[in-house]
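> Basically our numbering = 1-based index in the sequence shown + 255.
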Amino acid sequence: MKVGIVGGGAAGIMSALFACKGKDEVTVIEHNDKLLKKILSTGNGKCNFTNTKLEPSNYYYNERAIKFIERFNQFDTIKFFNSIGVIEYIRDGYTYPNSEQAASIRNSLLMELERYDVNILLNTYVTDIYKNGDVFTLCICNANDKSKSKLYFDKIIIATGLKAAPKLGSDGSFFPILKKLNIKYKPVLPALCGISLENKNFFKITSGVRAKGKISVSVRDVEVASDFGELQFSDTGISGIPTFQVSRYVSIALDKKEEAGVSLDMFSHLGSIENILNERRKIPSFVTMEDIGNGLINSKLWLGILGLADIRADLKIKKCDNKSFERLISICKEINFNVKGTGDFDKAQVCTGGIDLDDVDDNLMYRDIKNLYFAGEILDVDGICGGYNLQWAWTSGYIAGVTR
């Protein structure tokens with residue numbers, strides 16, 4: 256069987272290798288100048304390639320997705336990479352190559368491609384796909400010399416990704432071809448990204464701060480997601496892993512023109528902030544309201560919170576009336592912001608949206624077009640940070656590749 260794979264990322268290469276194991280003749284078509292470009296940036300260059308603590312709650316998806324993952328799970332992934340020379344290093348479930356270099360994952364996959372003599376076309380765009388009988392025709396164009404040609408395949412696997420990090424290859428340029436094929440897909444939106452919030456004065460004060468806290472997202476005044484960890488403040492809003500984990504809900508709400516809000520609790524891990532502040536109010540050496548925050552929270556964050564409470568930092572503690580102090584306590588429990596937007600695709604690690612799993616069969620073949628398969632992020636499965644999105648790439652690539 257002649258198999259054409261569009262996209263040379265993690266899912267595409269995984270599907271190529273497992274198609275080769277079945278003796279298929281495989282061609283990978285990639286519009287970048289190199290394969291697996293995005294892999295090099297994952298896990299801050301260390302490549303968190305799966306997670307041994309994978310659970311259904313780590314994904315936002317159609318219920319069928321976990322059934323796919325059970326067929327090639329995180330331990331299958333580790334075993335596969337062991338077989339091609341990668342030794343794992345596991346820290347609290349997060350799984351990396353022991354070298355802690357993303358290049359190790361990339362190199363091992365490239366060596367396997369060479370071993371199986373996979374045909375690789377780089378700097379090549381697919382401009383059209385159509386099917387006559389059982390044969391797919393792919394129209395391609397070389398990005399360098401603009402030469403055009405056609406390729407013929409019995410099976411196609413589309414693993415182009417969506418729009419996250421377009422500079423690394425996933426730029427959405429394949430969507431017009433999907434439309435020509437009458438393939439439906441859900442709105443593609445940034446996920447695992449920062450959130451832009453209103454209140455310039457607060458973020459001007461707190462920009463550059465990193466601090467532990469809880470972030471919650473509400474849509475139409477109903478909390479839909481929350482997470483705790485290190486939040487990173489910028490002059491426009493917040494980022495950091497907890498923010499990434501909840502950002503998809505903001506993207507979806509804004510796309511639907513629904514009102515979204517973000518609240519922060521920077522003291523949730525300390526117990527009753529009301530009791531803490533009331534006790535600190537009595538510390539003899541503390542003179543001003545600014546002093547109360549000393550040793551409790553980052554000084555810039557405390558100044559920002561005082562500003563939200565409309566309390567001067569140099570105000571004497573004895574002169575702060577109970578009403579103002581109660582307002583401060585209330586804000587400490589819940590700092591509310593209106594949402595301006597999310598980070599764009601350039602800054603998003605993954606996207607939400609894509610091909611609905613209801614539109615593919617149990618082997619990821621599109622129900623309406625025989626022998627047309629999908630793998631990776633182009634399917635509407637996205638997970639939280641921690642190796643879960645790469646695991647979906649390995650899982651879906653494996654399934655699409657082995658199926659014949």
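All C-beta atoms, glycine included, are put in the ideal place defined by N, C-alpha and C.
Note that the structure is predicted; figures quoted are calculated from it, not measured.
#1: Thinking Leu320 and Leu612 are a contact (beta carbons under 8 Å), I'd like their distance in whole angstroms, please.
#2: Applying the 10 Å Cβ sphere with the 16-neighbour rule, what's the burial state of Asp490?
#3: Identify which residue in Ala274, Val474, Leu551 has its Cα closest to the Cα of His524.
#4: Pull up the distance between the alpha-carbon of Lys441 and that of Asn618, whole angstroms please.
#5: Can you give the Cα-Cα distance for Arg214 and Ile590, rounded to whole angstroms?
#6: Taking the C-alpha atoms as reference points, what is the distance between Glu581 and Gly598?
#7: So, is Phe330 buried or exposed, given that buried needs 16 or more other C-beta atoms within 10 angstroms?
#8: Looking at Ser416: is its Cβ nearer than 7 Å to the Cβ of Glu280?
#9: Considering Tyr504, what are the terminal residues of the alpha helix (DSSP H) in which it resides?
#10: In chain order, which alpha helix (DSSP H) runs of at least 4 residues are fully inside the segment 313–394?
#11: Any idea if Gly264 is buried or exposed, counting beta-carbon neighbours within 10 angstroms, 16 or more meaning buried?
#12: Rounded to whole angstroms, how far is the Cβ of Val373 from the Cβ of Val283, which I believe are closer than 8 Å?
#13: How many angstroms separate the CA atom of Tyr407 from the CA atom of Arg475?
#14: What are the boundary residues of the alpha helix (DSSP H) that includes Leu556?
#15: Out of Ala414, Ala398, Thr392, which one is the CA nearest neighbour of Lys405?
#16: How about Gly424 and Asn287: are their beta carbons less than 7 Å apart?
#17: Compare the beta carbon distance of Gly492 and Ile450 with 7 Å and say whether it is the shorter of the two.
#18: When the Cβ atoms of the segment 327–344 are set against those of the segment 358–365, are three or more pairs found closer than 8 Å?
#19: Tell me which residues share the same chain as Gly262 and place their Cβ nearer than 6 Å to its Cβ, disregarding the 5 neighbours each side in the sequence.
#20: Go ahead and pull the three-state DSSP assignment for Ser462.
#21: What span of residues does the alpha helix (DSSP H) with Val657 cover, start to end?
#22: May I ask which residues mark the beginning and end of the beta strand (DSSP E) holding Phe273?
#23: Between the segment 338–355 and the segment 302–310, are three or more C-beta pairs nearer than 8 Å?
#24: Would you report the Cα separation of Lys439 and Tyr628, rounded to the nearest angstrom?
#25: By alpha-carbon positions, which one of Lys625, Gly526, Arg536 ends up nearest to Gly388?
#26: Taking the alpha helix (DSSP H) that Phe580 falls in, what are its first and last residues?
#27: Can you tell me whether Ile654 is buried or exposed, with buried defined as 16 or more other CB within 10 angstroms of its CB?
#28: Comparing C-alpha positions only, which one of Leu563, Ile584, Met620, Met544 sits nearest to Lys571?
#29: DSSP three-state label for Asp520, please.
#30: How is Thr305 classed by DSSP in three states: helix, strand or coil?
#31: Run through the DSSP bridge pairs and tell me what Phe629 is partnered with.
#32: Output yes or no for whether 7 Å exceeds the beta carbon distance between Ile239 and Glu529.
#33: Excluding the five sequence neighbours on either side, which residues of its own chain have a C-beta within less than 7 Å of the C-beta of Val505, listed in chain order?
#34: Beta-carbon within less than 6 Å of Asp383's beta-carbon, same chain only, minus the 5 sequence neighbours each way: which residues are those?
#35: Look at Gln487 and Arg465 and say whether their C-beta atoms are less than 7 Å apart.
Once the coordinates are examined:
#1: Locating residue 320 in the sequence shown gives position 65, where the first residue counts as 1. Locating residue 612 in the sequence shown gives position 357, where the first residue counts as 1. The sequence given here has Ala at residue 320, not Leu. Between Leu612 and Ala320 the Cβ distance is about 6 Å, and since that is below 8 Å, they are a contact.
#2: As a first step, residue 490 must be located in the sequence shown, where it is residue number 235. Flag for Asp490 reads exposed.
#3: On the sequence shown, residue 524 is found 269 positions in, with the first residue counted as 1. Here the closest residue by C-alpha is Leu551.
#4: For this step, residue 441 is matched to residue 186 along the sequence shown. For this step, residue 618 is matched to residue 363 along the sequence shown. Distance between the alpha carbons of Lys441 and Asn618: 20 Å.
#5: The structure shown has nothing for residue 214, since the chain only spans 256 to 659.
#6: In the sequence shown, the residue the question calls residue 581 occupies position 326. In the sequence shown, the residue the question calls residue 598 occupies position 343. Their Cα atoms are separated by approximately 34 Å.
#7: The residue you call residue 330 lines up with position 75 of the sequence shown. So Phe330 counts as exposed.
#8: Residue numbering aside, residue 416 sits at position 161 when the sequence shown is read from its first letter. Residue numbering aside, residue 280 sits at position 25 when the sequence shown is read from its first letter. According to the sequence as given, residue 416 is Gly; it is not Ser. Not in contact: Gly416 and Glu280 (Cβ atoms no closer than 7 Å).
#9: To locate residue 504, count along the sequence shown from 1; it is residue 249. Here the alpha helix (DSSP H) through Tyr504 covers 496–510.
#10: As far as the segment 313–394 is concerned, its whole alpha helix (DSSP H) runs of at least 4 residues are 319–326, 329–338, 357–370.
#11: The residue given as residue 264 occupies position 9 in the sequence shown. Buried.
#12: One-based indexing of the sequence shown puts residue 373 at position 118. One-based indexing of the sequence shown puts residue 283 at position 28. Right, their Cβ atoms sit about 6 Å apart.
#13: As a first step, residue 407 is located in the sequence shown; it is residue number 152 there, counting from the start. As a first step, residue 475 is located in the sequence shown; it is residue number 220 there, counting from the start. Cα to Cα, Tyr407 sits roughly 50 Å from Arg475.
#14: Residue numbering aside, residue 556 sits at position 301 when the sequence shown is read from its first letter. Looking at the DSSP string, the run of the alpha helix (DSSP H) that includes Leu556 is 554–563.
#15: By 1-based counting over the sequence shown, the position of residue 405 is 150. Ranking Ala414, Ala398, Thr392 by Cα distance to Lys405 puts Thr392 first.
#16: Position 169 of the sequence shown holds residue 424. Position 32 of the sequence shown holds residue 287. Cβ distance < 7 Å, so Gly424 and Asn287 count as in contact.
#17: The residue you call residue 492 lines up with position 237 of the sequence shown. The residue you call residue 450 lines up with position 195 of the sequence shown. Their beta carbons are under 7 Å apart, which means Gly492 touches Ile450 by this criterion.
#18: yes
#19: As a position in the sequence shown, residue 262 is number 7, starting the count at 1. Cβ within range, chain order: Ala414, Thr415.
#20: Numbered from its first residue, the sequence shown carries residue 462 at position 207. Coil at Ser462, not helix or strand.
#21: Here residue 657 refers to the residue found at position 402 of the sequence shown. 643–657 is the extent of the alpha helix (DSSP H) around Val657.
#22: Taking the first residue of the sequence shown as position 1, residue 273 is located at position 18. Segment 265–276 is the alpha helix (DSSP H) holding Phe273; no beta strand (DSSP E) there.
#23: yes
#24: Along the sequence shown, one-based indexing puts residue 439 at 184. Along the sequence shown, one-based indexing puts residue 628 at 373. Cα-Cα distance, rounded: 14 Å.
#25: Numbered from its first residue, the sequence shown carries residue 388 at position 133. Of the candidates Lys625, Gly526, Arg536, the one whose C-alpha sits nearest the C-alpha of Gly388 is Lys625.
#26: Taking the first residue of the sequence shown as 1, we reach residue 580 at position 325. That run of the alpha helix (DSSP H) goes 577–588.
#27: Translated into the one-based positions of the sequence shown, residue 654 becomes position 399. Result: buried.
#28: In the sequence shown, the residue the question calls residue 571 occupies position 316. Looking at the Cα atoms, Met544 is the closest of the given residues.
#29: Here residue 520 refers to the residue found at position 265 of the sequence shown. In the three-state reduction of the DSSP assignment, Asp520 falls in the strand class.
#30: As a first step, residue 305 is located in the sequence shown; it is residue number 50 there, counting from the start. Of the three classes helix, strand and coil, the one that applies to Thr305 here is strand, per DSSP.
#31: Looking up residue 629 in the sequence shown gives position 374. Partner(s): Ile413.
#32: Missing from the structure shown is residue 239; the chain here goes from 256 to 659 and no further.
#33: As a working mapping, residue 505 is identified with position 250 in the sequence shown. Around Val505: Ile450, Val472, Ala515, Val594, Thr597.
#34: In the sequence shown, residue 383 corresponds to position 128, counting from 1. For Asp383, where only same-chain residues beyond five positions count, the Cβ hits under 6 Å are Cys394.
#35: Position 232 of the sequence shown, counted from the start, is the residue given in the question as residue 487. Position 210 of the sequence shown, counted from the start, is the residue given in the question as residue 465. Cβ distance < 7 Å, so Gln487 and Arg465 count as in contact.
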